Amino acid sequence: MSSSTARVCLLTLFLTCIVCTVGQSVINKVTITPERGTTVNISSTVGKSCEVCRREGRSNRCSTSLVFKDNAPVSVEFRCARNVLTVEISRNIECNTKSCSGHIIQADSGSLPLLDFNRKFTWNLNASAPKAFKIDFTKTGLRQIPPSERCPDGHSYTLQALQTTGKVAVGKYCTAGTISSAQILNLGSFSLEVPAGQKLQNGQFDVSVGEEIKSLAKITVTLPKGTSSSELLSPNYPDSFPDDDVMEWYFQVPKKHKTDIQFMNLTQPSCRKKETAVEYHSKGRAALVLSLTEVQPHPNWGNFSMTLRNCEMDRGRAGSPGLSLSVKVSTSNTSSPVLCKVDLRKAEGLSLYIEKLRPASDCEMKINSVTKEKITVTSNSDLSFQDCLPEDVRVTAMRVIECKQLKDCPKTPVRLSLPALPSCLPAPLSSVTWILRPPQHGTVELTSPTGPLKQSLPGQPCNDSVLVKLAEDDGIAIGNFCPQGAIKKIQIHTNMSVTVSSMGGKALSMCYKNVLDACFKEEISERYIFTVSSKKDTPVLLATPGWPAGMKSYSTVSWIVSVPPKMKAHLMFANLSQPKCSNRHTNIRVQRVNRLEEDYSRREDEETESEIVVSEGFYLNMSNCMPERGHFSVITKLTLRESKNPLLTIVLSVVAALLVTSVIVLAVVCPMINKKKKKLNHQVSIYNPSGTIFLPGHTNFPKTREDNESHVYTTIEDTLVYTHLLRKGKETGVYGESDPSYKPFTGHTVSQKPLVSEDSGAEDMEIGVYHPFRYSSQQGPPLPVRPPSLPLVDNQIYQTEDQSQEERSPKLGPRLEPEGGD
1 MSSSTARVCL
11 LTLFLTCIVC
21 TVGQSVINKV
31 TITPERGTTV
41 NISSTVGKSC
51 EVCRREGRSN
61 RCSTSLVFKD
71 NAPVSVEFRC
81 ARNVLTVEIS
91 RNIECNTKSC
101 SGHIIQADSG
111 SLPLLDFNRK
121 FTWNLNASAP
131 KAFKIDFTKT
141 GLRQIPPSER
151 CPDGHSYTLQ
161 ALQTTGKVAV
171 GKYCTAGTIS
181 SAQILNLGSF
191 SLEVPAGQKL
201 QNGQFDVSVG
211 EEIKSLAKIT
221 VTLPKGTSSS
231 ELLSPNYPDS
241 FPDDDVMEWY
251 FQVPKKHKTD
261 IQFMNLTQPS
271 CRKKETAVEY
281 HSKGRAALVL
291 SLTEVQPHPN
301 WGNFSMTLRN
311 CEMDRGRAGS
321 PGLSLSVKVS
331 TSNTSSPVLC
341 KVDLRKAEGL
351 SLYIEKLRPA
361 SDCEMKINSV
371 TKEKITVTSN
381 SDLSFQDCLP
391 EDVRVTAMRV
401 IECKQLKDCP
411 KTPVRLSLPA
421 LPSCLPAPLS
431 SVTWILRPPQ
441 HGTVELTSPT
451 GPLKQSLPGQ
461 PCNDSVLVKL
471 AEDDGIAIGN
481 FCPQGAIKKI
491 QIHTNMSVTV
501 SSMGGKALSM
511 CYKNVLDACF
521 KEEISERYIF
531 TVSSKKDTPV
541 LLATPGWPAG
551 MKSYSTVSWI
561 VSVPPKMKAH
571 LMFANLSQPK
581 CSNRHTNIRV
591 QRVNRLEEDY
601 SRREDEETES
611 EIVVSEGFYL
621 NMSNCMPERG
631 HFSVITKLTL
641 RESKNPLLTI
651 VLSVVAALLV
661 TSVIVLAVVC
671 PMINKKKKKL
681 NHQVSIYNPS
691 GTIFLPGHTN
701 FPKTREDNES
711 HVYTTIEDTL
721 VYTHLLRKGK
731 ETGVYGESDP
741 SYKPFTGHTV
751 SQKPLVSEDS
761 GAEDMEIGVY
771 HPFRYSSQQG
781 PPLPVRPPSL
791 PLVDNQIYQT
801 EDQSQEERSP
811 KLGPRLEPEG
821 GD
């Protein structure tokens with residue numbers, strides 16, 4: 001090709017047209033030579049009344065459509081007007097992970113008379129998954145139109161996505177618009193249609209490798225400065241958007257401009273699963289999810305994206321129209337003041353704080369016509385903002401919830417919910433704080449309506465966008481929490497605060513509108529109590545309040561941990577930091593529910609194992625001393641694992657041992673017995689209690705009982721060998737019925753220590769005396785009188801005898817250990 005055609009042309013056609021008049025018909029002959037890499041399709045728009053014939057040898061092959069893919073010249077003949085024929089020329093563009101094989105270039109070959117034909121140029125694009133291909137329209141810009149409309153210049157563009165379910169029309173476009181680029185996931189096509197008689201405008205659109213998008217397509221819209229309005233349509237408009245699919249638009253907004261989104265011509269489908277929704281995303285802020293029927297916000301947030309989500313539609317329901325809508329996007333300059341009315345009279349105890357972050361910015365804030373750097377809104381106020389960008393302003397809220405007497409407290413939980421604020425504010429809400437003040441002898445109880453919480457700790461990060469910070473009224477942190485954990489309930493015996501914010505300082509997502517439920521209950525025995533219910537084989541980390549700085553002096557904390565049947569809890573005390581105590585001791589205790597004895601106890605001056613296993617629901621209690629130096633902090637790793645049946649294991653082991661023993665006896669002992677019997681048939685020994693053994697055949701054997709053979713034994717049992725020992729034992733009272741301490745075995749043996757009083761001597765001890773086990777209420781020595789064990793109920797922790805003497809502050813505060821308690 002010459003240098004004038006160095007830009008990749010779509011087609012090189014050498015047309016030789018011979019027009020002959022035969023009667024009243026017009027005969028057209030065209031010789032076509034397709035360019036390498038392109039496909040030519042000539043088709044008729046009037047059906048069989050105009051056929052296209054291809055010369056093959058001496059005969060013609062005629063059809064309403066002919067396709068040419070090779071590079072050889074082809075002679076084509078047709079008998080109709082050219083303006084009823086469409087010539088479609090297509091080319092493939094392949095994109096790998098780094099680059100694409102070509103660009104979209106629209107150009108006619110200058111010497112070819114294609115003006116009389118309807119022309120369609122199609123570029124089929126293929127990207128390597130999961131990447132998309134990207135078409136750049138920055139030079140001209142595109143404007144979306146309904147499928148039934150035509151473009152003024154006669155050049156209509158169509159963008160399609162190819163899915164496994166078929167083709168999806170992303171949209172039809174004209175030039176001179178706000179759409180600056182488009183990305184299609186994996187496979188798609190871009191086509192240009194030009195009617196007969198319309199001269200083709202030369203142009204080029206660059207093709208490159210796009211992003212890893214998760215939607216059907218992503219359209220970028222660059223909004224102009226000043227006041228403007230654009231219209232966008234859902235895919236397949238006015239037909240239904242694809243089933244259970246996603247479409248994304250990204251808006252580039254000029255500085256000091258605001259946008260307004262409106263949905264028009266909305267039709268909603270009947271959904272089988274999920275719901276239709278629209279999501280708004282902005283850099284540095286959390287997503288805002290709304291239904292399609294809600295009033296859409298004024299996202300005065302700079303650049304943002306809008307994602308349309310369809311549900312899984314119920315196609316079988318009659319009259320279901322599917323999902324379709326048009327989107328009107330309006331832009332205006334914010335240099336003029338934006339009036340904003342905020343009414344908080346219905347939100348009892350709520351205060352709104354708006355603070356200007358950058359003194360050098362052009363942002364001007366006013367409340368009731370008075371310019372302020374910081375604004376506090378408590379009731380009904382008129383605000384105005386001029387030239388305020390989101391990064392210039394921080395919006396926070398605070399609510400005080402107080403109860404003087406427990407009888408006057410709300411009987412139902414108070415929901416800690418994000419307040420609904422007007423969209424005219426220059427920035428979204430960044431955090432909300434609730435101050436909770438229970439009665440003097442009351443407790444704050446917190447639960448999550450969305451499920452258990454987890455602590456934000458190393459090795460257990462919070463992946464959600466929301467973070468809940470708990471702190472005491474003096475600002476000392478209790479801990480950071482987020483959803484999807486194992487902590488079902490938190491009880492705190494002091495004034496405290498709950499602050500909810502987004503991770504990384506983003507805007508709060510309305511997905512977590514209902515954060516926690518709070519209620520006031522009677523006082524508890526500890527300063528903090530956490531109720532925990534974990535899942536099998538899922539490690540849970542539990543940190544002491546104030547971690548890693550350490551617990552308050554003399555403060556106590558308990559975890560109530562439930563353990564399902566046939567499960568065991570494995571506890572490991574990691575990241576343990578112990579102080580040097582100036583008064584009292586730190587203590588870690590583990591005690592099972594409904595049990596009096598402790599399973600584990602450890603002080604700061606003791607060394608013991610750091611891992612234990614508990615087979616039932618239990619209390620984990622920790623208390624701090626008055627540190628002289630250092631601090632007390634612990635992270636406990638809790639893991640539930642399946643418990644094997646010990647009785648079954650023992651039974652199986654015993655049975656296996658008996659089987660093995662039986663085999664050995666049968667294999668070894670029986671042959672020996674047979675052999676012994678054979679030997680004894682020839683030589684017999686006789687037992688004499690006097691100690692003299694006579695062997696048969698000796699000459700000195702006394703034959704005083706020659707006629708009586710009762711003294712001759714073929715075999716002798718072992719018990720007969722030790723008859724004299726049994727007789728002596730009976731005489732001494734060790735064996736036999738004369739011994740009053742001997743009882744027949746009636747149950748399991750129990751190892752018992754001898755009972756020795758301080759006054760008795762060693763000779764009074766009963767040594768080696770068997771006492772039978774009987775199923776009765778008395779099992780061993782009587783226990784000291786102790787308080788009954790308490791069931792696992794709210795606001796109650798079992799106290800051991802030394803704990804019951806601890807001091808209880810009449811006001812809110814810690815539970816203290818006795819002085820000098822070791």
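In the UniProt record's numbering, the protein residues as written are 1 to 822.
Ideal placement from N, C-alpha and C gives every residue a C-beta, glycine not left out.
Keep in mind the model is a prediction, meaning the values are calculated, not measured.
Sheet register partners of residue i (DSSP bridge)
i: Leu159; result: Gly171 and Phe190
i: Glu598; result: DSSP, once it has assigned bridges, lists no residue as partnering Glu598.
i: Lys356; result: Val393
i: Gln201; result: According to DSSP, which records beta bridges pairwise, Gln201 is partnered with nothing at all.
i: Arg54; result: Arg61 and Val76
i: Asp136; result: Ser181
i: Ala277; result: Arg309
i: Asp260; result: Ser330
i: Gly302; result: Per DSSP, none; premise fails for Gly302.
i: Leu144; result: Position check: residue 144 holds Gln in this sequence, whereas Leu was assumed. Bridge partners of Gln144: Tyr173.
i: Leu416; result: Leu516
i: Leu233; result: Ser326
Exposed unless 16 or more other CB atoms sit within 10 angstroms - verdict on residue i
i: Pro483; result: buried
i: Leu542; result: buried
i: Gly550; result: buried
i: Asp464; result: buried
i: Thr227; result: exposed
i: Asn587; result: buried
i: Pro781; result: Low confidence applies to Pro781: its pLDDT is 39, below 50, so where it sits in the model is not reliable, and the reading given next is rough at best. Exposed, by the Cβ-count rule.
i: Ser189; result: buried
i: Arg358; result: exposed
i: Leu620; result: buried
i: Ser336; result: exposed
i: Gly349; result: exposed
i: Lys218; result: buried
i: Ile767; result: Any answer about Ile767 is weak, because its pLDDT of 40 lies below 50 and its placement is not dependable; what the coordinates show is given next. Exposed, since its Cβ has fewer than 16 Cβ neighbours within 10 Å.
i: Ala182; result: buried
i: Leu389; result: buried
i: Leu339; result: exposed
i: Gly451; result: exposed
Residue from the options with nearest C-alpha to residue i
i: Lys134; options: Ser180, Asp116 and Ala518; result: Ser180
i: Glu51; options: Pro359, Val40 and Leu85; result: Leu85
i: Leu576; options: Leu516, Glu607, Gly316 and Ser417; result: Glu607
i: Gly197; options: Trp559, Leu115 and Asp605; result: Leu115
i: Gln144; options: Ser282, Val221, Thr378 and Arg589; result: Val221
i: Arg641; options: Pro458, Val393, Lys566 and Cys271; result: Lys566
i: Thr140; options: Thr164, Trp123 and Tyr173; result: Tyr173
i: Thr165; options: Leu187, Pro413 and His281; result: Leu187
i: Pro461; options: Val540, Ser623, Pro449 and Leu290; result: Val540
i: Phe78; options: Pro410, Ile476, Thr31 and Lys489; result: Thr31
Short Cβ contact (8 Å threshold) for residue i with residue j
i: Val76; j: Arg54; result: yes
i: Leu241; j: Ser234; result: The residue asked about is misnamed: residue 241 is Phe in this sequence, not Leu. Contact: yes.
i: Thr538; j: His493; result: no
i: Trp434; j: Val498; result: yes
i: Val634; j: Phe573; result: yes
i: Gly485; j: Lys454; result: yes
i: Ser562; j: Gly617; result: yes
i: Thr276; j: Leu292; result: yes
i: Asp245; j: Leu216; result: yes
i: Glu373; j: Lys346; result: no
i: Leu516; j: Thr412; result: no
i: Met398; j: Ser326; result: no
i: Ser555; j: Glu628; result: no
Cβ-heavy atom distance, residue i to the ligand ATP, below 7 Å
i: Leu115; result: For the ligand ATP, the structure offers nothing, since it holds no ligand at all.
Exercise. Could you tell me which uninterrupted beta strand (DSSP E) segments, each at least 3 residues in length, are contained entirely in the UniProt domain "CDCP1 second and fifth CUB" (421 to 507), listed from first to last along the chain?
Key: 429 to 437, 442 to 447, 453 to 455, 466 to 472, 477 to 483, 487 to 492 and 496 to 502
Exercise. Output the residue ranges of the beta strand (DSSP E) runs that lie fully inside the UniProt domain "CDCP1 third and sixth CUB" (525 to 638) and measure 3 residues or longer, sorted by chain position.
Key: 528 to 532, 540 to 543, 556 to 561, 567 to 577, 580 to 583, 587 to 592, 600 to 603, 611 to 614, 618 to 623 and 626 to 629
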